[in-house]
Structures are given as structure tokens and as C-alpha cells.
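Visitor: First, the structure itself, so that you have it in front of you.
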Amino acid sequence: MGKLEDEAEGIGLPLGIPPQQTFLRVKDAQMVVGEIRFRPKLQKPYERYNGHWLQYPSASAWEGLCDSYACDAGRRGAAVAPAGTLASVQGDNLAPVRVILKDGGRLERILTDEDAPVACYLISLA
Numbered sequence: 000m001g002k003l004e005d006e007a008e009g010i011g012l013p014l015g016i017p018p019q020q021t022f023l024r025v026k027d028a029q030m031v032v033g034e035i036r037f038r039p040k041l042q043k044p045y046e047r048y049n050g051h052w053l054q055y056p057s058a059s060a061w062e063g064l065c066d067s068y069a070c071d072a073g074r075r076g077a078a079v080a081p082a083g084t085l086a087s088v089q090g091d092n093l094a095p096v097r098v099i100l101k102d103g104g105r106l107e108r109i110l111t112d113e114d115a116p117v118a119c120y121l122i123s124l125a
């Protein structure tokens, strides 16, 4: 947890990497089944590429459990990104795409200068 707290304060991050907040979804107070990472402050290159970056990895055995959790983190982001937030999905990971589309996200662009294509979706928080 100390490392996550440091990341939120920007401590120990490489130059140019913005601080990020991490929200964990825990089942039965024992198992982390999902996490959401959110960058409340933008700087280049994230301003162009990943935006506020709602990262949503989740254990496949618990798929669907974290949907409302992702929405809650998005609502927290509304305070710093009132127009919306950009969520990125790398490769052909369909689970987060379903969550994003279900919550009104729309495809903004696809970046092809990475190892795998990165689809960037705008989620309105208003």
C-alpha cells in the first residue's frame, strides 16, 4: 500500500509520469479482484494519449463485479475532469470495452504507435 500512496503523491515516478490514484475492489476482505487507476492531473504525453486514464484490470473470474466500482471511480473523476475522462484499452480486451460502452463511452481514437493498438474512449461525466 505504501507504493500506491507514493504513486498518488508522485514519489518515485519517472520524470514526466503523472501521479495516479489507485482504487482496489476487494472481495470478502481477502482478495483483490479489480483495480482502477486514475490520473487526476494531466501533463504531456497523457494529455494527448491516455487522458485521465481510467485503467480497469479485473480478475476474469469476477468479471462484472467491478462494473459499479468503475462508475464510482468515474464519478470521483468528475471533480477534476468535469467534461469527461478518457479511458484507454490496449489490445482486444473486450471486458473493459463493454463496461465503457455501457456507461456511455464513445470511441475517440485508436493509437497504433504502441505494441498493440490502444483504443481511447471518452466517458462523459456531466
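Numbering (numbering that gives the first Met the number 0), first residue to last: 0 to 125. Ideal placement from N, C-alpha and C gives every residue a C-beta, glycine not left out.
(1) Tell me whether I99 sits in a helix, a strand or coil according to DSSP, three-state version.
(2) Measure the C-alpha to C-alpha separation of P116 and D27 and round it to an integer number of angstroms.
(3) Please check the pair L106 and A94, which I expect to be a contact at CB under 8 angstroms, by giving their CB distance rounded to whole angstroms.
(4) Going by C-alpha distance, which of D5, Q20, V31 and Q89 is nearest F37?
(5) Could you check where the beta strand (DSSP E) with A28 kicks off and where it finishes?
(6) By alpha-carbon positions, which one of V31, I35, R97 and Q29 ends up nearest to F22?
(7) What's the C-alpha gap between G103 and K2?
(8) Please identify the residue among I122, M0, I10 and P18 whose C-alpha is closest to the C-alpha of V96.
(9) Mapping DSSP to helix, strand and coil, what is A118?
(10) Specify the secondary structure class of L93 as computed by DSSP and reduced to three states.
Guide: In brief:
(1) helix
(2) 35 angstroms
(3) Their Cβ separation, rounded to whole angstroms, is 16 angstroms, which puts L106 and A94 out of contact at 8 angstroms.
(4) Q20
(5) Careful: A28 lies outside any beta strand (DSSP E) and carries neither H nor E.
(6) I35
(7) A direct Cα-Cα distance of roughly 33 angstroms separates G103 from K2.
(8) Taking only the C-alpha atoms, the option nearest V96 is I122.
(9) strand
(10) helix
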